[in-house]
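See structure below.
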Amino acid sequence: QVDSLESIGYPAAAIHSGLSQNDRSRTYQKLRSGNLRLLFIAPERLFNSNLVETLSHLSIQRFAIDEAHCISQWGHDFRPEYRQLSALRDRFPQTSFHAYTATATPQVRKDIAEQLHLKNPEILVGTFDRPNLTYRVIQRTDRTAQILEILGRHPKEASIVYCISRRETERLAKQLTAAGLLAHPYHAGLDAKKRHKTQEAFAKETLDVVVATVAFGMGIDRSNVRL
Numbered sequence: 330q331v332d333s334l335e336s337i338g339y340p341a342a343a344i345h346s347g348l349s350q351n352d353r354s355r356t357y358q359k360l361r362s363g364n365l366r367l368l369f370i371a372p373e374r375l376f377n378s379n380l381v382e383t384l385s386h387l388s389i390q391r392f393a394i395d396e397a398h399c400i401s402q403w404g405h406d407f408r409p410e411y412r413q414l415s416a417l418r419d420r421f422p423q424t425s426f427h428a429y430t431a432t433a434t435p436q437v438r439k440d441i442a443e444q445l446h447l448k449n450p451e452i453l454v455g456t457f458d459r460p461n462l463t464y465r466v467i468q469r470t471d472r473t474a475q476i477l478e479i480l481g482r483h484p485k486e487a488s489i490v491y492c493i494s495r496r497e498t499e500r501l502a503k504q505l506t507a508a509g510l511l512a513h514p515y516h517a518g519l520d521a522k523k524r525h526k527t528q529e530a531f532a533k534e535t536l537d538v539v540v541a542t543v544a545f546g547m548g549i550d551r552s553n554v555r556l
């Protein structure tokens, strides 16, 4: 996300565990000097640092909370750290708050608003129908051959193959590479620099296939992911 924003001239940054102390210090300096428009950070890291104090001296226009269902104890992926975000509402009462999720029942939506201390929030609910997506279940026979056959229908198009284990990502990536595809593995056991290099190559469209565990999340900000 940050790389994509910076590539179009939008000043953005992220604070995460993979940052060196020097990079973290530079990000804080950009914040204080007003040279950042957007900052990505996980709730856990936000409250385990002095960042809230730093933000209190700045003119913050809005807080956007992704995966907001994690705030609710009724949600399918409740995370206690997300509950702490209510402290932001108390600390920044004049700042607008936006909560986003694709998986919130009416009960969860109500709980999110209550936990964030939102008064009469505007609630926008979209459709779950995604006509641009197709879901298929295929009986497995020879998995590698089947994957190669499916990928072969869409040469040079971006694809993400998810596996249940790190070892499987390594094995399958090697098999796809041997078959002539440009494929890299991605999992939490890889060095942070190697993971970043794979992400960057995929985003810049110099890598066509990523074979990943759930460590890759829901993918990456690339507009032409086909499979």
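If you read the sequence shown in this note's numbering, its first letter stands for residue 330, the second for the next number, and so on.
For glycine and all other residues, C-beta sits at the position ideal for the given N, C-alpha and C.
If you're wondering where the values come from, they're calculated on a predicted model, not measured in any experiment.
Can you tell me whether DSSP reads Pro514 as helix, strand or coil? Along the sequence shown, read from residue 1 onward, the residue named residue 514 stands at position 185. Strand, per DSSP.
Within this structure, are the beta carbons of Leu511 and Val538 separated by less than 8 Å? Within the sequence shown, residue 511 is the residue found at index 182, counting from 1. Within the sequence shown, residue 538 is the residue found at index 209, counting from 1. The Cβ-Cβ distance between Leu511 and Val538 falls below 8 Å.
Report, in whole angstroms, the separation of the C-beta atoms of His513 and Ala502, which I expect to be a contact under 8 Å. If you number the sequence shown from 1, residue 513 lands on position 184. If you number the sequence shown from 1, residue 502 lands on position 173. 6 Å between Cβ atoms; contact.
Taking just the CA atoms, how far does Gln444 sit from Ser401? Locating residue 401 in the sequence shown gives position 72, where the first residue counts as 1. Locating residue 444 in the sequence shown gives position 115, where the first residue counts as 1. If I take the Cα positions, the gap works out to 8 Å.
Between the Cα of Arg465 and those of Ile370, Ile344, Ile479, spot the shortest distance and give me the residue it belongs to. By one-based count along the sequence shown, residue 465 stands at place 136. Of all alpha-carbon atoms in Ile370, Ile344, Ile479, the one lying nearest the alpha-carbon of Arg465 is that of Ile479.
For the beta strand (DSSP E) that Ala544 lies in, which residues bound it at each end? Counting from one through the sequence shown, the residue named residue 544 turns up at place 215. Element bounds for Ala544: n/a, residue is neither H nor E.
What is the residue span of the alpha helix (DSSP H) that Arg465 lies within? The sequence position of residue 465 within the sequence shown is 136, counting from 1. No alpha helix (DSSP H) holds Arg465; DSSP gives it neither H nor E.
Alpha-carbon to alpha-carbon, Thr430 and Ile452: Here the question's residue 452 lines up with position 123 in the sequence shown. Here the question's residue 430 lines up with position 101 in the sequence shown. Between the alpha carbons of Ile452 and Thr430 lies a distance of about 11 Å.
DSSP-derived helix/strand/coil call for Ala371: To locate residue 371, count along the sequence shown from 1; it is residue 42. If DSSP states are grouped into helix, strand and coil, Ala371 belongs with coil.
Start and end of the alpha helix (DSSP H) containing Tyr411? In the sequence shown, residue 411 corresponds to position 82, counting from 1. Residues 409–412.
Could you tell me whether the Cβ atoms of Arg495 and Thr527 are closer together than 8 Å? The residue you call residue 495 lines up with position 166 of the sequence shown. The residue you call residue 527 lines up with position 198 of the sequence shown. For Arg495 and Thr527, no; Cβs fall outside 8 Å.
What three-state label does DSSP hand Ser415 in the structure shown? Looking up residue 415 in the sequence shown gives position 86. In the structure shown, Ser415 adopts helical secondary structure according to DSSP, grouped into three states.
Sheet register partners of Ala393 (DSSP bridge): Translated into the one-based positions of the sequence shown, residue 393 becomes position 64. Bridge partners of Ala393: His427.
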